[in-house]
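Peer 1: Shown below is the structure under consideration.
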Amino acid sequence: MESLMMLLIGVLVAVATYLVLSRTFIRVILGTAILSHAVHLLILTMGGLKKGDVPLLNQSNGPYTDALPQALILTAIVISFAVTAFVLVLAYRVYKTNGTDDFDKLGGSSDE
Amino acid sequence: MSNMVVLPMIVPIITGVLLVFLRDYIKLQRIVSLLTMLFVMGVSGTLLYVVQHQGIVKVDFSGWLPPFGILFVGDTFALILVLTASIVTILCLVYAFATIGERHEKMYFYPFVLFLIAGINGSFLTGDIFNLFVCFEVMLLASYVLIALGGEKIQLRESLKYVLINVVASWMFLVALAFLYGAVKTLNMAHIAQRVAEVGQDPMLTTVSIFFLIVFAVKAGLFFFFWLPGSYSVPPTAVQALFAALLTKVGIYALIRTFTLMFPLDQGVTHWLIGTLAGLTIILGCMGALAGKDVRTIATYNVVISVGFILIGLASGTEAGYAGAVYYLIHDILAKALLFLILGTVVYLTGEIVVKNMSGLIRNYPLFGWLYFITMCSIAGFPPLSGFLGKVLIGQGAVEGQNYVLLALGFASSIIVLYSLLRIFLASFFGETTISEEDRIPIPKLAMTSFVMLGVLIVGIGVGAEALSPFVEDAAETLANPAIYIDAVLANME
Chain A
167 MESLMMLLIG
177 VLVAVATYLV
187 LSRTFIRVIL
197 GTAILSHAVH
207 LLILTMGGLK
217 KGDVPLLNQS
227 NGPYTDALPQ
237 ALILTAIVIS
247 FAVTAFVLVL
257 AYRVYKTNGT
267 DDFDKLGGSS
277 DE
Chain B
13 MSNMVVLPMI
23 VPIITGVLLV
33 FLRDYIKLQR
43 IVSLLTMLFV
53 MGVSGTLLYV
63 VQHQGIVKVD
73 FSGWLPPFGI
83 LFVGDTFALI
93 LVLTASIVTI
103 LCLVYAFATI
113 GERHEKMYFY
123 PFVLFLIAGI
133 NGSFLTGDIF
143 NLFVCFEVML
153 LASYVLIALG
163 GEKIQLRESL
173 KYVLINVVAS
183 WMFLVALAFL
193 YGAVKTLNMA
203 HIAQRVAEVG
213 QDPMLTTVSI
223 FFLIVFAVKA
233 GLFFFFWLPG
243 SYSVPPTAVQ
253 ALFAALLTKV
263 GIYALIRTFT
273 LMFPLDQGVT
283 HWLIGTLAGL
293 TIILGCMGAL
303 AGKDVRTIAT
313 YNVVISVGFI
323 LIGLASGTEA
333 GYAGAVYYLI
343 HDILAKALLF
353 LILGTVVYLT
363 GEIVVKNMSG
373 LIRNYPLFGW
383 LYFITMCSIA
393 GFPPLSGFLG
403 KVLIGQGAVE
413 GQNYVLLALG
423 FASSIIVLYS
433 LLRIFLASFF
443 GETTISEEDR
453 IPIPKLAMTS
463 FVMLGVLIVG
473 IGVGAEALSP
483 FVEDAAETLA
493 NPAIYIDAVL
503 ANME
């Protein structure tokens, strides 16, 4: 099961890398969203997939599943949600003021 | 008493949220944000005194004892940085009162500065590696907003790049965290250190540590500083100064903490890599500073050079090197803030950013000119100003660690730094004045106050180094002997 998950994560990272390296804003932002999904699965897998019972003291005698990875992922999801929301709005404003959604046409050097 | 450790993070968040609702009351916003930072300064000063006498303080949230709960740890190193950061923020706020303009003030400028400070202080104080990630994100989200605030074409352009680079870097942080958790099954930094010491730092753990190195190097501007000159030169001056003073320092703090506490065992690989990156950073930063034609480029590349220089102290792996790094961090936070504030004011006064096109500022603004001179001397490391002792100690550390190449690079960079800043001084401050006495724009009184106070601090830290040395020595001792930190954090664990 772990190997299968790692393959899935690999595919997701490959897709995301392709998207992040493209030139239009929206594809890059979608790429970062997929990157964050990949890393959430990675945390889950590294924490060990289901190896025991529900971690509630009175429900069983153990061994229990490690609940910490879920807590970490929950936090990470909230953060990536906030950042994605912010960057979407920002990209929209950049598109409106600079009149392009292409990183190449955006220009780079600060002394223009 | 130990609950006080949480105040430097929690108080700015609470008052920041309050200020969101007081949008139209600008005077009140100013007073509340200033009082908040004064309070944080007082708390961190008190804690520093307590730690000096009673040892490291910590607070386990909700009473969950390590290694299960999240905790904040106040050791001397972290608290010195919190104290310095709050002082600089106060002075940047004072400068902002006079210059930032009503438009910014009504668009939640003060709340975001407070959120930024909350994230920075949280990063310094936390004892849990995942909590460090969360505090980093709090700080970064606030910094994204502060860069974009104002909504000019160039600001939006640079902020989008800055955000995307940091999103990818944060992603790598999470990847490193996942592998670390898979390997040691704990997130408490002291507990990680203990486990790594028990099992030995095998190549797998060293690889994980290099992942952390890359992440923090992006945040600190160590070698991966390609994003820094662009994004640090677009926001208003007060924000630039805050960023230059504090943001890269959080990355440096994380690097020092990671490689002195959690992964100190395979120095042949990790410290060699840090040393190499630091050397390359200095060389590339010097090239940028020499090639720069406008004041902002020169100033931002000076930030890059100092990042490389501080990390020579870490790469040396000696107690003297650590003490030098701590000392130089304090100096650099103050000096870079003053440098950016002064250069931002120069741009405001002349309307020019190219060095050649300005002249004779010192005739119209004598005190202002000489303050720039003091800043320049201090950054170049002239005794008895604040940069001197840090440079001496880092040099001593490099000699003890036998990093002679880094030693040479570090001191050669001082000359380049001096040259690049002296060029601005000679071209822009000396010479015939281009502005007549009637057209002279006055420097706002509050802005001048903050320059003078920063200048006094820079001289004071250099002259009064003796008073500061017990704290710096204590910080360096804890860094050199991670067992002190680990024992204090895991005291109640069997």
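Line by line, the protein sequences are chains A and B.
First residue of the first sequence? That's 167 in the working numbering, and the numbers climb one at a time after it.
First residue of the second sequence? That's 13 in the working numbering, and the numbers climb one at a time after it.
Where is the CB? At the ideal position from N, CA and C, for every residue including glycine.
This one's a predicted model, so the numbers in the text were calculated from it and none came from an experiment.
Taking Cβ-Cβ distances below 7 angstroms as the criterion, which residues of the stretch 21–41 of chain B are in contact with chain A?
Peer 2: Within the stretch 21–41 of chain B, no residue has a Cβ that lies closer than 7 angstroms to any Cβ of chain A.
Peer 1: Taking all protein chains shown into account, decide if B:G413 is buried (16 or more other Cβ within 10 angstroms of its Cβ) or exposed.
Peer 2: Walking along the second sequence from the start, residue 413 of chain B turns up at place 401. Buried: at least 16 other Cβ atoms inside 10 Å.
Peer 1: Which residue comes first and which comes last in the beta strand (DSSP E) that contains B:D72?
Peer 2: Counting from one through the second sequence, the residue named residue 72 of chain B turns up at place 60. V69 to D72 is the extent of the beta strand (DSSP E) around B:D72.
Peer 1: Should B:I470 be labelled buried (16 or more other beta-carbon atoms within 10 Å of its own) or exposed?
Peer 2: Along the second sequence, one-based indexing puts residue 470 of chain B at 458. Classification for B:I470: buried.
Peer 1: Listed from N- to C-terminal order along the chain, which residues in the stretch 354–373 of chain B have their beta-carbon within a distance smaller than 7 angstroms of any beta-carbon of chain A?
Peer 2: none
Peer 1: Use the C-beta contact count for B:I26: other C-beta atoms within 10 angstroms, 16 or more gives buried, fewer gives exposed.
Peer 2: Here the question's residue 26 of chain B lines up with position 14 in the second sequence. Exposed, since its Cβ has fewer than 16 Cβ neighbours within 10 Å.
Peer 1: For the candidate residues B:K261, B:L105 and B:Y265, whose alpha-carbon lies nearest to that of B:Y122?
Peer 2: Numbered from 1 along the second sequence, position 110 holds the residue referred to as residue 122 of chain B. When only C-alpha atoms are compared, the closest one is B:L105.
Peer 1: Can we say the stretch 44–61 of chain B touches the stretch 121–139 of chain B, given the rule of at least three CB pairs closer than 8 angstroms?
Peer 2: The stretch 44–61 of chain B, when compared against the stretch 121–139 of chain B, does touch it at the 8 angstroms Cβ threshold.
Peer 1: Would you say A:F247 lies against chain B (beta-carbon separation less than 8 angstroms)?
Peer 2: What you label residue 247 of chain A is simply residue 81 of the first sequence in a count that begins at 1. No - not a single Cβ of chain B is within 8 angstroms of the one on A:F247.
Peer 1: Per DSSP, which residues does B:N200 bridge with? Please list them.
Peer 2: Counting from 1 along the second sequence, the entry for residue 200 of chain B is found at position 188. BP columns for B:N200 point to B:D140.
Peer 1: Are the stretch 328–339 of chain B and the stretch 366–379 of chain B touching by the rule of at least three beta carbon pairs closer than 8 angstroms?
Peer 2: no
Peer 1: Assuming B:I286 contacts B:F275 (C-beta within less than 8 angstroms), just tell me the rounded distance between them.
Peer 2: Along the second sequence, one-based indexing puts residue 286 of chain B at 274. Along the second sequence, one-based indexing puts residue 275 of chain B at 263. Not quite, the Cβ-Cβ distance comes to about 11 angstroms (not below 8 angstroms), so this is no contact.
Peer 1: So which residues of chain A does B:R207 contact, with C-beta pairs closer than 7 angstroms?
Peer 2: As a first step, residue 207 of chain B must be located in the second sequence, where it is residue number 195. Chain A residues near B:R207: none, gap ~15 angstroms exceeds 7 angstroms.
Peer 1: Report back the beta-carbon spacing between B:G297 and B:V316 to the nearest angstrom; my notes put them in contact at under 8 angstroms.
Peer 2: What you label residue 297 of chain B is simply residue 285 of the second sequence in a count that begins at 1. What you label residue 316 of chain B is simply residue 304 of the second sequence in a count that begins at 1. Contact holds; Cβ gap of about 4 angstroms.
Peer 1: Which partner residues does A:T324 have in the DSSP bridge list?
Peer 2: The displayed coordinates of chain A run from 167 to 278. Any statement about residue 324 of chain A would go beyond what the structure contains.
Peer 1: On the criterion of 16 or more Cβ atoms from any shown chain inside 10 Å, does A:R189 qualify as buried, or is it exposed?
Peer 2: Counting from 1 along the first sequence, the entry for residue 189 of chain A is found at position 23. By the neighbour-count rule (16 or more Cβ atoms within 10 Å), A:R189 is not buried but exposed.
Peer 1: Between A:A182 and the rest of its own chain, which residues show a CB-CB distance below 7 angstroms, the 5 nearest in sequence each way excluded?
Peer 2: Position 16 of the first sequence, counting from 1, holds the residue named residue 182 of chain A. Cβ neighbours of A:A182 beyond the five flanking positions: G197, I200, L201 and A204.
Peer 1: In terms of alpha-carbon separation, which member of B:I102, B:W284 and B:T260 lies closest to B:N415?
Peer 2: If you number the second sequence from 1, residue 415 of chain B lands on position 403. Per the Cα distances, B:W284.
Peer 1: Quick one: Cα of B:K368 to Cα of B:I310, how far?
Peer 2: The sequence position of residue 368 of chain B within the second sequence is 356, counting from 1. The sequence position of residue 310 of chain B within the second sequence is 298, counting from 1. In this model, B:K368 and B:I310 are separated by some 13 angstroms (Cα to Cα).
Peer 1: Closer than 8 angstroms by C-beta to B:S481: which residues in its own chain qualify, once you throw out the five before and the five after it? Chain order, please.
Peer 2: Translated into the one-based positions of the second sequence, residue 481 of chain B becomes position 469. Once the five neighbours on either side are set aside, B:S481 has no close Cβ partner at all.
Peer 1: For the stretch 207–231 of chain A, which residues have a beta carbon sitting closer than 7 angstroms to at least one beta carbon of chain B?
Peer 2: Flagged, chain order: L208, I209, M212 and G213.
Peer 1: Once DSSP output is grouped into helix, strand and coil, what is the label at A:R259?
Peer 2: Counting from one through the first sequence, the residue named residue 259 of chain A turns up at place 93. Helix.
Peer 1: Excluding the five sequence neighbours on either side, which residues of its own chain have a C-beta within less than 8 angstroms of the C-beta of B:F237, listed in chain order?
Peer 2: Here residue 237 of chain B corresponds to residue number 225 of the second sequence, with the count starting at 1. A distance below 8 angstroms between beta-carbons, with the five flanking residues on each side excluded, links B:F237 to the following residues of its chain, in chain order: T293, L296, G297, V316 and V319.
Peer 1: For a contact defined as C-beta to C-beta under 9 angstroms, what are the partners of A:L272 on chain B?
Peer 2: Here residue 272 of chain A corresponds to residue number 106 of the first sequence, with the count starting at 1. By Cβ distance, chain B contributes R169, L172 and K173.
Peer 1: Between A:G214 and A:E168, what straight-line distance do the alpha-carbon atoms span, to the nearest angstrom?
Peer 2: As a working note, residue 214 of chain A is residue 48 in the first sequence. As a working note, residue 168 of chain A is residue 2 in the first sequence. If you take the alpha carbons of A:G214 and A:E168, they lie about 8 angstroms apart.
Peer 1: Please classify B:V366: does DSSP put it in a helix, a strand, or coil?
Peer 2: Translated into the one-based positions of the second sequence, residue 366 of chain B becomes position 354. Looking at B:V366 - three-state DSSP - the assignment turns out to be strand.
Peer 1: Spatial neighbours of B:K165 within its chain, please: CB distance less than 7 angstroms, with the 5 preceding and 5 following residues excluded, ordered by chain position.
Peer 2: Against the second sequence, residue 165 of chain B aligns to sequence position 153. In its own chain, leaving out the 5 sequence neighbours on each side, no residue places its CB closer than 7 angstroms to the CB of B:K165.
Peer 1: Around the C-beta of A:D270, are 16 or more other C-beta atoms found within 10 angstroms, so that it is buried, or is it exposed?
Peer 2: The count along the first sequence starts at 1 and reaches residue 270 of chain A at position 104. That one is exposed.
Peer 1: Is A:V194 close to chain B, meaning its C-beta is less than 8 angstroms from at least one C-beta of that chain?
Peer 2: On the first sequence, residue 194 of chain A is found 28 positions in, with the first residue counted as 1. Interface residue, yes.
Peer 1: Taking Cβ positions only, does A:R259 come closer than 8 angstroms to chain B?
Peer 2: For this step, residue 259 of chain A is matched to residue 93 along the first sequence. Yes, A:R259 counts as interfacial toward chain B.
Peer 1: Could you work out which residue in B:F255, B:T445, B:F109 and B:Y61 is closest to B:I92 when comparing CA atoms only?
Peer 2: Locating residue 92 of chain B in the second sequence gives position 80, where the first residue counts as 1. Of B:F255, B:T445, B:F109 and B:Y61, the residue nearest in Cα terms is B:Y61.
Peer 1: Is B:Q66 buried or exposed, if buried means 16 or more other CB atoms sit within 10 Å of its CB?
Peer 2: On the second sequence, position 54 is the one that residue 66 of chain B refers to. By the 10 Å Cβ count, B:Q66 comes out exposed.
Peer 1: Apart from the five residues just before and just after A:S226, which ones in its own chain have a Cβ nearer than 6 angstroms to its Cβ?
Peer 2: Walking along the first sequence from the start, residue 226 of chain A turns up at place 60. Here the set comprises D219.
Peer 1: Along the chain, where does the alpha helix (DSSP H) that runs through B:F400 open and close?
Peer 2: Stepping through the second sequence from its first residue, residue 400 of chain B is reached at position 388. That run of the alpha helix (DSSP H) goes S398 to E412.
Peer 1: Please decide whether A:A251 counts as near chain B, where near means a Cβ-Cβ distance under 8 angstroms.
Peer 2: Start at 1 with the first residue of the first sequence, and residue 251 of chain A comes out as number 85. So, not an interface residue.
Peer 1: Using beta-carbon positions only, say whether B:G336 and B:Q408 come within less than 8 angstroms of one another.
Peer 2: As a working mapping, residue 336 of chain B is identified with position 324 in the second sequence. As a working mapping, residue 408 of chain B is identified with position 396 in the second sequence. Contact flag set, yes.
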